[in-house]
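Right, one structure below, let's go through it.
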Amino acid sequence: MPAADQLLLAIDTSTEVAGLALYDGRQVSEISWQAGRNQTASLLGEIRHLLRLNQRDVRDLRAVAVAIGPGSFNGLRVGLSTAKALSYGLGIPVIGVVTLDAVAYPHVHGKGPIRAFIAAGRGRAVVADYRWRNERWERLSDLRNERLEHLADDLLEPTILAGELGRELDEKLGSNRLAVIPPPALRVRRPSYIAEIAFQRWQAGEVDQIESLEPIYVHGPAAPVKAETEPV
Amino acid sequence: MIVLGIETSCDETAAAVVRDGRQVLANVIQSQVDLHKTYGGIVPELASRQHVTAIIPVIDLALKEARIDREMIDAIAVTEGPGLAGSLLVGVNVAKTLAYIWERPLIPVNHLEGHIYANWLSLPGEPEISPPAFPLVCLIVSGGHTELLLMRDHGQYELLGRTLDDAAGEAFDKGARILSLGYPGGPAIQRAAEGGRLGHHAFPRAWLGDSYDFSFSGLKTALLRAAEQYRRPVRTRARRPTNQEPFPRHEPIEYSPNMPVADIAADYQDAIVDVLVEKTARAAREQGARMVLLAGGVAANTLLRRRLKAALEIPLRYPPPILCTDNAAMIAGAAYYASRAGVHAGPDLDVHPQLPLAARPAIKP
Ligand SMILES: [Zn+2]
Chain A
1 MPAADQLLLA IDTSTEVAGL ALYDGRQVSE ISWQAGRNQT ASLLGEIRHL
51 LRLNQRDVRD LRAVAVAIGP GSFNGLRVGL STAKALSYGL GIPVIGVVTL
101 DAVAYPHVHG KGPIRAFIAA GRGRAVVADY RWRNERWERL SDLRNERLEH
151 LADDLLEPTI LAGELGRELD EKLGSNRLAV IPPPALRVRR PSYIAEIAFQ
201 RWQAGEVDQI ESLEPIYVHG PAAPVKAETE PV
Chain B
1001 MIVLGIETSC DETAAAVVRD GRQVLANVIQ SQVDLHKTYG GIVPELASRQ
1051 HVTAIIPVID LALKEARIDR EMIDAIAVTE GPGLAGSLLV GVNVAKTLAY
1101 IWERPLIPVN HLEGHIYANW LSLPGEPEIS PPAFPLVCLI VSGGHTELLL
1151 MRDHGQYELL GRTLDDAAGE AFDKGARILS LGYPGGPAIQ RAAEGGRLGH
1201 HAFPRAWLGD SYDFSFSGLK TALLRAAEQY RRPVRTRARR PTNQEPFPRH
1251 EPIEYSPNMP VADIAADYQD AIVDVLVEKT ARAAREQGAR MVLLAGGVAA
1301 NTLLRRRLKA ALEIPLRYPP PILCTDNAAM IAGAAYYASR AGVHAGPDLD
1351 VHPQLPLAAR PAIKP
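As you go down the protein sequences, you meet chains A and B in turn.
Per the numbering used here, the very first residue in the first sequence carries number 1; after that it's consecutive.
Per the numbering used here, the very first residue in the second sequence carries number 1001; after that it's consecutive.
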């Protein structure tokens, strides 16, 4: 039974909408904000804000979780740098969570297959497939970069498409009878999902090493990354 | 005052502990030179990736080498710019988070200011050196910068001149790349030029009239021309980048063994050094400087040091080689003087990839 002193902070800077959650195993408090391309200026201020809202001090934290992507390379580095400094400075464990796991998370109460994706710009997305097998959820595929409009092309059975889509693609993909498209609110990636996934891993003793924890870098198939440009 | 400095503006992950802006207690640098060698230069995305994994171990090692407890750190300093955005943000986010947790002031430092203040530092185990005397003229020469400054006091930077195109260090890097001498270019050209004869290859010097500005872009065009006749037919094929190897590798140019590499490198280096020495010496005379400082990676060039010393009637000072390249001791050192002038930042500190070197408030007595 988790006690109130098991406070975990989750950080998600995978995309331009950044999010934070405080979680102690029962109670959750979260905030999201439009951070744009530069999360550096806002992230630490928002962490202080969330702690203050909950009358908590940064020294009350017992673990820190961070989304490790896929997502914007620089955005992920902002979250990772902050999470690592919290872990090192406070002497608490750090847990990295694959961002797509959080995208799939609101749909895991069922047992049907899930295809989770996160937009990668220029009409593309990074995609992973999830299956309920041997009494547990497994992420099957390697993360792959695909065109959004082809997201449902190879489905063989009814599959939940988890992730945010524009209206146009909604209709296009929705015309595929095997594509199960959840209502919009369930497609939003929430920082509390990162927190809950990490909390379970933390309680199971699965924490990460500060040094080796790094973002997942998924490149598109096209041109190489040029200096100072973001592929995601 | 003991300052923990953090520097991740380019391709070195560095942390250091410095007392009172003068005495280095620890200076840890994790260099990425070997990584970037493969690509013939710095790949910004790869540099950023290395910072993410290296930063905490580097800070931890600096604190251990300094043999101090965290409680003894009085302030945390970090490079806010100029530099690569994806690299800078690693240091800035780590520094401000540590400052927040440890309840210490956060001092933002301009990377160039750091290079200048390397001249105030003594390495661990060495006695303190006397501080440089104002007014002074400082030439900052590195891969990203060529700046000639007048300083009448701490933090009082008057920009006399700067490069209009390539930095001096960039001219070395590009030159070494053209001659297939490897990366980084400064030491490579210097090594290749040893034993070379001067005066066999004409390279342009951009004097730009009476101005203190520099221009080095014409040099590489001339170098390309000089090397062209020895070039062998290209056999390399373009490789398509993949997710496993998304960055194109550098394929060196092949030259005939008859190419007089040493002579070409010697004349090329001479052309760069000539202009740097002439303009710096003139600035020192015209501005009434009491001392000249060299700073930045190219300050390690022995020809530049020797020629500049010979051209001056006042003392020349330059940091030891380990403090010429990018390091965090210089950031912690500069931060000491900045904090005495009241400089500090809050949790909203951002990165500033194009940060100019601006004068800051005078130090309160
Ligand atoms: Zn530098």
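C-beta: ideal position from N, C-alpha, C; glycine also.
Nothing here was measured: the structure is a model prediction, and the numbers come from that model.
Requested in this report: State yes or no: is the beta carbon of residue 25 (chain A) nearer than 9 angstroms to at least one beta carbon in chain B?
Outcome: no
Query - Per-residue DSSP class, three states only, for residue 225 (chain A) - result: In this prediction, residue 225 (chain A) has a pLDDT of 41, which is less than 50 and means its spatial position is unreliable; what the coordinates show is noted afterwards. Residue 225 (chain A): coil per DSSP, three-state reduction.
Requested in this report: For my contact list, residue 10 (chain A) and residue 18 (chain A) are in at a C-beta cut-off of 8 angstroms; report their separation, rounded to the angstrom.
Outcome: The pair is not a contact, with the Cβ atoms about 11 angstroms apart (cut-off 8 angstroms).
Query raised in the report: For residue 1060 (chain B), which three-state DSSP category applies?
Result: Looking at residue 1060 (chain B) - three-state DSSP - the assignment turns out to be helix.
Report task. Leaving out five residues on either side along the sequence, give the residues of the same chain with a beta carbon under 8 angstroms from the beta carbon of residue 107 (chain A). Result -> If you ignore the 5 residues before and after residue 107 (chain A), its C-beta comes within less than 8 angstroms of the C-beta of 114, 160, 162, 182 and 186, all in its own chain and listed in chain order.
Requested in this report: Taking only heavy atoms of ligand 1 into account, decide whether any of them is closer than 8 angstroms to the Cβ of residue 1009 (chain B).
Outcome: At least one heavy atom of ligand 1 is nearer than 8 angstroms to the Cβ of residue 1009 (chain B), so yes.
Requested in this report: Using 10 angstroms around the beta-carbon of residue 1012 (chain B), count the other beta-carbons present and answer buried if the total reaches 16, otherwise exposed.
Outcome: Looking at its Cβ environment, which holds 16 or more other Cβ atoms inside 10 Å, residue 1012 (chain B) is buried.
Query - Proximity to residue 1257 (chain B) [Cα-Cα], best of B:1328, B:1302, B:1224 and B:1180 - result: B:1180
Query - Cβ neighbour criterion (16 or more within 10 Å) applied to residue 134 (chain A) - result: exposed
Report task. State yes or no: is the beta carbon of residue 1053 (chain B) nearer than 9 angstroms to at least one beta carbon in chain A? Result -> yes
**Report entry** Exposed unless 16 or more other CB atoms sit within 10 angstroms - verdict on residue 1096 (chain B)
**Finding:** The residue in question, residue 1096 (chain B), is buried, as its Cβ has 16 or more Cβ neighbours within 10 Å.
Query - Inter-residue spacing [alpha-carbon to alpha-carbon] between residue 1377 (chain B) and residue 1178 (chain B) - result: The requested residue 1377 (chain B) does not occur in the structure, where chain B is confined to residues 1001 to 1365.
Query raised in the report: Which residue's Cα is closest to the Cα of residue 1087 (chain B): B:1055, B:1113, B:1067 and B:1075?
Result: By alpha-carbon distance to residue 1087 (chain B), the top candidate from B:1055, B:1113, B:1067 and B:1075 is B:1055.
Report task. May I have the straight-line CA-CA distance separating residue 102 (chain A) from residue 1345 (chain B), to the nearest angstrom? Result -> 34 angstroms
Query raised in the report: At what residues does the beta strand (DSSP E) containing residue 1092 (chain B) begin and finish?
Result: Note, residue 1092 (chain B): premise wrong, no beta strand (DSSP E); alpha helix (DSSP H) at 1085 to 1102.
Query raised in the report: Around the C-beta of residue 1342 (chain B), are 16 or more other C-beta atoms found within 10 angstroms, so that it is buried, or is it exposed?
Result: exposed
Report task. Would you kindly report the start and end of the unbroken beta strand (DSSP E) that includes residue 168 (chain A)? Result -> No beta strand (DSSP E) holds residue 168 (chain A); the alpha helix (DSSP H) holding it covers 167 to 174.
Requested in this report: For residue 230 (chain A), name the three-state secondary structure that DSSP assigns.
Outcome: Any answer about residue 230 (chain A) is weak, because its pLDDT of 31 lies below 50 and its placement is not dependable; what the coordinates show is given next. Residue 230 (chain A) falls in the coil class under three-state DSSP.
**Report entry** At least three beta-carbon pairs within less than 8 angstroms, the region 1133 to 1144 of chain B to the region 1153 to 1171 of chain B
**Finding:** Touching, yes.
Query raised in the report: Between which two residues does the alpha helix (DSSP H) containing residue 217 (chain A) stretch?
Result: Per DSSP, residue 217 (chain A) belongs to no alpha helix (DSSP H) and is neither H nor E.
**Report entry** Opening and closing residue of the alpha helix (DSSP H) in which residue 1139 (chain B) lies
**Finding:** Careful: residue 1139 (chain B) lies outside any alpha helix (DSSP H), inside the beta strand (DSSP E) at 1136 to 1141.
Requested in this report: Would you list the residues whose beta-carbon is nearer than 6 angstroms to any heavy atom of ligand 1, in the order they occur in the chain?
Outcome: This selection yields B:1111, B:1115, B:1142, B:1296 and B:1326.
Query raised in the report: Does the Cβ of residue 190 (chain A) have 16 or more other Cβ atoms within 10 Å, making it buried, or fewer, making it exposed?
Result: buried
**Report entry** Nearest-angstrom Cα separation, counted from residue 39 (chain A) out to residue 1076 (chain B)
**Finding:** 21 angstroms
**Report entry** Under the three-state DSSP convention, the category residue 2 (chain A) falls into
**Finding:** At residue 2 (chain A), the pLDDT of 46 sits below 50, so the modelled position is not reliable; the number obtained from the coordinates is stated separately. Coil at residue 2 (chain A), not helix or strand.
Report task. Can you give me the start and stop residues for the alpha helix (DSSP H) that residue 1275 (chain B) sits inside? Result -> 1261 to 1287
Query raised in the report: Is the number of C-beta pairs between the region 1305 to 1325 of chain B and the region 1053 to 1067 of chain B that are closer than 8 angstroms three or more?
Result: no
Requested in this report: Would you verify that the beta carbon of residue 73 (chain A) is, or is not, closer than 9 angstroms to some beta carbon of chain B?
Outcome: yes
Query raised in the report: Per DSSP, what kind of secondary structure is residue 1027 (chain B) in: helix, strand or coil?
Result: Annotated three-state conformation of residue 1027 (chain B) is strand, per DSSP.
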